[in-house]
Amino acid sequence: MASPLGIAILTALGTGALVLLLARTLGPRGWMDLPSRRKAHGQPVPRVGGLALLVALLVARATGGLHLGLSYLEWSVVAGMGALGVLDDRFNLRARWKALMGLLVAIPLAAVHTLELLQSGRNMTLFGLDIPDHGFVYFPLLLLWYWGIPQAYNLIDGLNGLSLGFSCLLLGALSLGPGALLGSGSAPLWGALTALLLLNYPKARHFMGDAGALALGTLFAILVMERALPVHRGLGFWLMAYPILDVSTVVAIRRYCGRPLGQADRSHLHHWLLERLGGRAWLVTPVLLGLAALPMTRDLAWPHAKTISSLGFGILVLLAARVFIDKAILKPSSAFVPRQEPTHAFLNEPSGTHQQAS
68 MASPLGIAIL TALGTGALVL LLARTLGPRG WMDLPSRRKA HGQPVPRVGG
118 LALLVALLVA RATGGLHLGL SYLEWSVVAG MGALGVLDDR FNLRARWKAL
168 MGLLVAIPLA AVHTLELLQS GRNMTLFGLD IPDHGFVYFP LLLLWYWGIP
218 QAYNLIDGLN GLSLGFSCLL LGALSLGPGA LLGSGSAPLW GALTALLLLN
268 YPKARHFMGD AGALALGTLF AILVMERALP VHRGLGFWLM AYPILDVSTV
318 VAIRRYCGRP LGQADRSHLH HWLLERLGGR AWLVTPVLLG LAALPMTRDL
368 AWPHAKTISS LGFGILVLLA ARVFIDKAIL KPSSAFVPRQ EPTHAFLNEP
418 SGTHQQAS
């Protein structure tokens, strides 16, 4: 009889192989991300990697290989956000409509988890301060969490392997942290993330697209809240510190400059680092992931783990402040690009006609 470790490895390899097969099969016939002034790639790149990942995860869940402890409602919300991403990848939805639909999908999840929190007697903290355990407080906070984290995930998905690498960091923190919050049942998720990461770093061959970013953002928003909260009442913030700071910086810059919040620009932390490091995307991704990992050490059994976590958060705050000063005050024009044609399209071309992005 195969050992649990052997079964976990086989399921991870099987899910990863399914992701690669779907991406390579659907890619040449699917949505294409076209070059633009705001993007670094020079040739059209398929953006069906996220759809392949979502399908592979749902197959693994249906066949009993994926055990994350999510309810049918939670999986429905993940699939719903993935479907929203598919529509956006296909039809280039307006930001306001995408945000509204994301909010509607998040409402039932926030309502159910509010009731669960009140019944469990657990409470949450933020920077050591207790959050009042009342439904009128929990519901808007959870709604903001389940709506905002997927949107933030989508925003950091702008550099080769960045959001996928961040997903691996989160999965590692939940799997290796106190209490081993996720066990061998997460092996298919490891396999799917690794396979798609291989297609996106250091060179991008199949972008994840909004389908993958929104689905993964929703999945990890649920996992962090459901698994990390019982261990540390404020751990969710430290795990998600990087995307929270990134989206806060972007919103602050756009508000300060009087630009629409839904207008795409180059005001993200990865854009600023990309400019400072001479366009070396292969270097920016590990630098940012290293910074993002530091706040996650909050509850690890390491010497001075909390000090390392606070230091990492402080570095991210300083980086965000520097980006705001440069992009909003000193050189506001550098953050924005003129409106142009949509940066993705649906092409139906023979397999093998698309060149690899650099």
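This note's numbering runs 67 ahead of the 1-based position in the sequence shown.
Ideal placement from N, C-alpha and C gives every residue a C-beta, glycine not left out.
Alpha-carbon spacing of residue i relative to residue j, whole angstroms
i: residue 366; j: residue 181; result: 24 Å
i: residue 218; j: residue 89; result: 25 Å
i: residue 190; j: residue 272; result: 44 Å
i: residue 285; j: residue 279; result: 10 Å
i: residue 126; j: residue 92; result: 17 Å
i: residue 338; j: residue 183; result: 40 Å
i: residue 87; j: residue 119; result: 8 Å
i: residue 333; j: residue 73; result: 45 Å
i: residue 258; j: residue 325; result: 43 Å
i: residue 76; j: residue 396; result: 51 Å
i: residue 153; j: residue 359; result: 28 Å
i: residue 252; j: residue 136; result: 9 Å
i: residue 113; j: residue 95; result: 7 Å
i: residue 209; j: residue 312; result: 18 Å
i: residue 82; j: residue 303; result: 27 Å
i: residue 160; j: residue 344; result: 32 Å
i: residue 356; j: residue 165; result: 27 Å
i: residue 170; j: residue 207; result: 11 Å
i: residue 198; j: residue 205; result: 8 Å
i: residue 372; j: residue 305; result: 12 Å
i: residue 220; j: residue 293; result: 18 Å
i: residue 394; j: residue 330; result: 15 Å
DSSP three-state assignment for residue i, whether helix, strand or coil
i: residue 403; result: strand
i: residue 113; result: strand
i: residue 285; result: helix
i: residue 197; result: strand
i: residue 275; result: coil
i: residue 99; result: strand
i: residue 130; result: coil
i: residue 79; result: helix
i: residue 412; result: Reliability fails at residue 412, whose pLDDT of 41 lies under 50, so the model's placement of it is uncertain and the value that follows must be treated cautiously. In the structure shown, residue 412 sits in a strand (DSSP, three-state: E or B).
For residue j and residue i, believed in contact at Cβ under 8 Å, the rounded distance
i: residue 237; j: residue 287; result: 5 Å
Legend entry - Residue ranges of each alpha helix (DSSP H) within the region 204 to 267, 4 or longer: DSSP runs (the alpha helix (DSSP H)) wholly in the region 204 to 267: 229 to 243, 254 to 265.
Inset, instruction - Scan the region 323 to 401 and note each continuous alpha helix (DSSP H) run of 4 residues or more that stays entirely inside, going in chain order. - result: For secondary structure counted as the alpha helix (DSSP H) over 4 or more consecutive residues, the region 323 to 401 holds these complete runs in sequence order: 336 to 343, 348 to 360, 372 to 391.
Inset, instruction - Examine the Cβ distances between the region 167 to 179 and the region 212 to 231 and report whether three or more of them are shorter than 8 Å. - result: A contact exists between the region 167 to 179 and the region 212 to 231.
Inset, instruction - Kindly confirm or deny that the region 140 to 147 and the region 259 to 268 touch, where touching means at least three C-beta pairs closer than 8 Å. - result: Judged by Cβ distances under 8 Å, the region 140 to 147 makes no contact with the region 259 to 268, as fewer than three pairs qualify.
Inset, instruction - List in chain order: all unbroken alpha helix (DSSP H) runs of 4+ residues lying wholly within the region 132 to 157. - result: The region 132 to 157 contains no whole alpha helix (DSSP H) run of 4 or more residues.
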